[in-house]
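Protein chains in written order, with the numbering used here: chain A, 68 to 496; chain B, 228 to 407.
Note sheet for the following structure.
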Ligand code: HEM
Ligand code: FES
């Protein structure tokens, strides 16, 4: 980072450590003194909430693994055993399952924050790309975790999702057998999913470290999208943002605790309390809510596109829906970072948010009647937003005037009109 | 290239030999890494115990006309359906031009055993087990994403690209079938 270290070892021991491994110096620079824009709103607390959730999932997961048995004939019962017999197991298990939902709720807010405030724009492209990689890893981890209780939904989710790979021409089937370790999802599959479900959160933790490293090079963006110009625009991370983030985490824990204690099953599916049966598929299979929008896109392609059959087509759009995120920094051509200053962008953005919620709804609806058509329209808008709206809007839209600095925008909000500096008052009109 | 320049400049033989050693060591290293990686990936493939279950025999005598059962072969569910005369007639009457994956009813059954339809029970879309005697074509309906199969197990509507897959099988006698 560009700023000078202000750390002075307080005593001989600290000095001794600092000469050998300057870890205290490093922590002070990055966790305490780190200059942070003073105008960050609560949408910026979700990064900290996510870090907290990753910790929650790792700790509860390790505990669950002490009681869980990854075998097709024992897995289902071992989860019930955790819920009924293990001391405190009911709560620990509920924290882990509903925790996955809370984690995804937070990550979606975090990503939509980035999309609105243009956080992915230069110089934060790598930061954004690392974020998308984290998202892909989270999706993979959550999917494998869902298979572990070996209920009907677990089994059929595993079957349907691994089959996606089978859509790839020629090499699809050999890869499918390689993934499953058999001709169908079975014990070999369950075992390897358990192994990987344990591994991946630590990979995520490593990528999060890179993500935060990439954040600390340019520093945070902020709601105005105007870069920090002087030290007047920033405050030290500690105590200002450590406290704000902690407060946000506490508030976030309120609905989280409600789910854990009052409705641990509300986000799940009753079918998953039936043990896996490879002969019968439940009549209505639905993925977990956080996969619904992408699932709707997968299903929307039920027609052949030239020589690409409907199955491969669905898979291409499904993968494309996530891959397109990697290119957002280059697809959005607007010079203005924050959506707050882009009057037309706002409309398309909120339509995109509503469309995403609609996709989630459609993903849970049966594939019949009007839902089939709506899924196609919603899928089309998802891609139009990234591939047409973002590239073109930057060329045609006239953005609103930007504040000259973060301080100016903050003062504008806090100063009563009468006392306002005339130079500042001008920009409010 | 490096060797050539060494021939030209006798005074600097070192880089040429080093380049050679460098590339040779790199190549051996790459082969070594690949050689170690392959077994680590290959262990994921179906193991000997899975492959051992490759073929089964199944007695058809207990299945009445209009009835079907689901059996297990290589871990996969398999439909064995005793079709009614009406279902057979309906399947044979369909013109090939109506089919997404054109196959005649004769191609999907064994001569003299047209009443028996034996198919892997996983929808060719993403693998759910379709529900029997339902859908718009008097065959199977897959609830997962809405694929309709007809009474010969051929895909008629929905996202599935192919007809339900036929396992390799043969009739040992009129009532005994060997799958695999
Ligand atoms: C385990 C998951 C994740 C963790 C723990 C995490 C953590 C963080 C933290 C602590 C921050 C700084 C505070 C903030 O701006 O909220 C941050 C910023 C950011 N994250 Fe993440 N993140 C995660 C996933 C993602 C994903 C999936 C994306 C996007 C695809 C993403 C994109 C970003 C961007 C663009 C910023 C910079 C925002 C700005 O400064 O304006 N992150 N992340
Ligand atoms: S798995 Fe049968 S329609 Fe998708």
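Built from N, CA and C at the ideal position, the CB exists for glycine as well.
The structure displayed is predicted, hence computed values, not measured ones.
Interface criterion not met: the Cβ of residue 391 of chain B is under 8 Å from no Cβ in chain A.
Within chain A, the residues 377, 378 have their CB atoms less than 8 Å from the CB of residue 387 of chain B, given in chain order.
Judged by the Cβ position, residue 371 of chain B qualifies as a neighbour of the ligand FES at the 7 Å threshold, a heavy atom of the ligand being closer than this.
Rounded to the nearest angstrom, the gap between the Cα atoms of residue 316 of chain A and residue 450 of chain A is 33 Å. A distance below 6 Å between beta-carbons, with the five flanking residues on each side excluded, links residue 299 of chain A to the following residues of its chain, in chain order: 474.
Distances from the CB of residue 386 of chain B to the heavy atoms of the ligand FES include at least one below 7 Å.
Beta-bridge partners assigned by DSSP to residue 359 of chain B: B/367.
Contact between the stretch 381 to 398 of chain A and the stretch 185 to 203 of chain A is established, with three or more Cβ pairs separated by less than 8 Å. Close to residue 297 of chain B, with beta-carbon spacing below 7 Å, are these residues of chain A in chain order: 346. At a cut-off of 8 Å between C-beta atoms, residue 273 of chain B counts as an interface residue with respect to chain A. Closer than 8 Å to the CB of residue 227 of chain A there is at least one CB belonging to chain B. The straight-line gap separating the alpha-carbon atoms of residue 307 of chain B and residue 396 of chain B is approximately 12 Å.
The CB of residue 430 of chain A never comes closer than 8 Å to any CB in chain B; the least such distance is about 11 Å. For residue 248 of chain A, the closest of B/316, B/391, B/242, B/268 by C-alpha to C-alpha distance is B/268. Counting of Cβ neighbours within 10 angstroms places residue 447 of chain A among the exposed residues, the total staying below 16. Annotation for residue 233 of chain A indicates a beta carbon at 7 Å or more from all heavy atoms of the ligand FES. If only uninterrupted alpha helix (DSSP H) runs of at least 4 residues are considered, those enclosed by the stretch 412 to 473 of chain A are 437 to 451, 457 to 463.
Boundaries of the alpha helix (DSSP H) around residue 82 of chain A: 79 to 87. Not one beta carbon of chain B lies nearer than 8 Å to the beta carbon of residue 383 of chain A. For residue 239 of chain A, none of the residues of chain B pass the 8 Å Cβ criterion, the least Cβ distance being about 12 Å. The beta carbon of residue 339 of chain A sits no closer than 8 Å to any beta carbon of chain B. Residues of chain B with a Cβ closer than 8 Å to the Cβ of residue 248 of chain A are, in chain order, 271, 272, 273, 274, 277. Every beta strand (DSSP E) stretch that sits fully inside the stretch 89 to 170 of chain A and reaches 3 residues is listed by chain position as 102 to 104. Not a single heavy atom of the ligand FES lies less than 7 Å from the C-beta of residue 221 of chain A.
Relative to the ligand FES, the nearest heavy atom lies less than 7 Å away from the CB of residue 227 of chain A.
Fully enclosed alpha helix (DSSP H) runs of no fewer than 4 residues occupy 359 to 367 of the stretch 348 to 385 of chain A, in order along the chain.
Each residue's CA atom was taken as its position, placing residue 119 of chain A and residue 112 of chain A some 11 Å apart.
Only those residues of the stretch 336 to 354 of chain B whose C-beta falls short of 8 Å from the nearest C-beta of chain A are listed: 348, 349, 351, 352, 353, 354.
By alpha-carbon distance to residue 342 of chain A, the top candidate from A/207, A/216, A/350, A/439 is A/216. For residue 230 of chain A, the C-beta contacts it makes with chain B under 7 Å involve 353, 354, in order along the chain. By the rule that beta-carbons nearer than 8 Å mark a contact, residue 293 of chain B does not touch chain A.
Three or more Cβ pairs closer than 8 Å define a contact, and the stretch 277 to 285 of chain B meets that threshold against the stretch 388 to 406 of chain B. Exposure of residue 351 of chain A is indicated by the presence of fewer than 16 other C-beta atoms within 10 angstroms of its C-beta.
In the DSSP assignment, residue 343 of chain B forms a beta bridge with B/309.
Cβ neighbours of residue 456 of chain A within its own chain (closer than 7 Å, five residues either side excluded): 415. Neighbourhood of residue 372 of chain B in chain A, by CB distance below 7 Å: 366, 434, in chain order.
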